[in-house]
């Protein structure tokens with residue numbers, strides 16, 4: 001069964017800092033949004049699976065963010081924690097339309 005999603009505007013593309021995270025709240029979900037150095041926008045759950053670190057406050061390198069608490073490396077494209085650690089975070093599809101950034105969240 002396909003899940004229904006809705007697009008939520010989270011801001012202007014030019015206002016997102018490059019290689020830094022921004023926390024946004026969409027309904028009851030806290031999401032970390034990243035504008036990568038290549039210009040792509042990625043959005044993931046804003047909570048590390050290890051000890052709940054705030055990922056939007058982590059260091060960004062390429063397609064990864066490092067949890068600020070214990071340095072877990074998480075891929076912002078697929079949400080997977082990199083070995084030797086194990087786990088994953090929810091990812092969210094993003095789109096840019098007329099310089100506005102949207103994130104797709106599941107309908108309740």
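Residue numbers (full-length UniProt numbering): 1 to 108. Yeah, the Cβ is synthetic: ideal placement off N, Cα and C, and Gly gets one too.
C-alpha distance - residue 23 paired with residue 54, whole-angstrom precision: 9 Å
Enclosing beta strand (DSSP E) for residue 29 [first to last residue]: That run of the beta strand (DSSP E) goes 29-35.
Helix, strand or coil at residue 56 [DSSP, three-state]: helix
Pairwise C-alpha distance: residue 50 and residue 35: 24 Å
Own chain, CB closer than 7 Å to residue 99, minus 5 neighbours either side, in chain order: 12, 13 and 14
Distance between residue 29 and residue 101 (C-alpha atoms, nearest Å): 17 Å
Nearest to residue 94 (by Cα), restricted to the options 52, 31 and 74: 31
Endpoints, the beta strand (DSSP E) within which residue 64 is located: 64-66 is the span of the beta strand (DSSP E), which, as asked, contains residue 64.
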